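Trainee: I have a structure I would like to understand better, so I am pasting it below and will then ask my questions one at a time.
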């Protein structure tokens, strides 16, 4: 599942970039300034993740202590609550500082990397700067067309049971992005069959959301056996929102 790593999640929320792993680790052995920037980023990311784990533990302890105090309902101050709260606050403050440092180091490293649009496969957030909305894998299929594969988080968020399956394609043209839903979702490497051209939108992420919303509508009780040309104006507006 994408973005389970705290550092990658923080980077996605701040920059809208989705990385499948700590890609900078592949650049740390060059012995030049680029390797130094990658190594620095790697150290910061490791520190950020360590602090995130400690913070999660401290917050869980706060929750447990507070729950115990509420259940006991006694007049005494919860045992160790003061110390636990101080630890959590300290870790939270450090988390904020490390996140800023992490994003700055990542931005510097990223500035000298290839454009992801030139790659055969890339990943985007279903909703800009919102990791909880899920991730779409885009696999190049021709010069301007990408096949779309939602991860589990995106499938759950948008209410479609098609995690890790091809749900459609998006094509970039001079006047926007054109989504096309497939006849049925397929495995990642199966040959899909396009069936339903959908309204054009401004961005690749919006085109992917259009596909997700299409499938949510297609599987709903409101579909009533219609074909794609019979959508109402309100439904078309909802697809492209």
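Residue numbers (the UniProt record's numbering): 1 to 241. Beta carbons are placed, not taken as given, at the ideal position from N, Cα and C, and that holds for glycine. These figures come from a predicted structure and were not determined experimentally.
Can you confirm whether the region 116–134 touches the region 1–16 when touching is taken to mean that 3 or more C-beta pairs between the two stretches lie within less than 8 Å?
Mentor: yes
Trainee: Sort 164, 55, 138 by Cα distance to residue 207 and report the nearest one.
Mentor: Cα-wise, what sits closest to residue 207 is 138.
Trainee: Could you say if the region 88–99 and the region 47–55 meet the contact criterion of at least three C-beta pairs nearer than 8 Å?
Mentor: yes
Trainee: Given residue 200, which residues of its chain have a CB within under 7 Å of its CB, disregarding the five upstream and five downstream residues?
Mentor: 175, 176, 177, 178
Trainee: Do you know how far the Cα of residue 104 is from the Cα of residue 111?
Mentor: 11 Å
Trainee: Let me make sure I understand the geometry here. Which of 31, 236, 211, 202 has the alpha-carbon closest to that of residue 147?
Mentor: 211
Trainee: Taking the C-alpha atoms as reference points, what is the distance between residue 93 and residue 1?
Mentor: C-alpha separation (whole angstroms): 28 Å.
Trainee: DSSP on residue 24, reduced to helix/strand/coil?
Mentor: helix
Trainee: Taking C-beta to C-beta, are residue 166 and residue 186 nearer than 8 Å?
Mentor: yes
Trainee: Measure the C-alpha to C-alpha separation of residue 183 and residue 197 and round it to an integer number of angstroms.
Mentor: 11 Å
Trainee: Any idea what DSSP makes of residue 181, helix, strand or coil?
Mentor: If DSSP states are grouped into helix, strand and coil, residue 181 belongs with the strands.
Trainee: Please classify residue 37: does DSSP put it in a helix, a strand, or coil?
Mentor: helix
Trainee: Output the distance between the C-alpha atoms of residue 83 and residue 58, rounded to the nearest integer angstrom.
Mentor: 10 Å
Trainee: What is the C-beta distance between residue 123 and residue 136, in whole angstroms, given that I count them as a contact (C-beta under 8 Å)?
Mentor: 7 Å
Trainee: Identify which residue in 172, 18, 87 has its Cα closest to the Cα of residue 202.
Mentor: Residue 202 has its Cα closest to that of 172, out of 172, 18, 87.
Trainee: Under 8 Å by Cβ, that's how I've got residue 102 and residue 44 pegged, so tell me the actual separation to the nearest angstrom.
Mentor: 5 Å
Trainee: If you run the structure through DSSP and keep just helix, strand and coil, what is residue 90?
Mentor: It is helical.
Trainee: In its own chain, which residues sit with a C-beta less than 8 Å from the C-beta of residue 160, not counting the 5 before and 5 after it?
Mentor: 150, 167, 212, 215, 216, 219
Trainee: Please work out which residues of its chain come closer than 8 Å, Cβ to Cβ, to residue 170, disregarding the five sequence neighbours upstream and downstream, and give them in chain order.
Mentor: 138, 145, 146, 148, 177, 178, 179, 180, 204, 207, 208, 211
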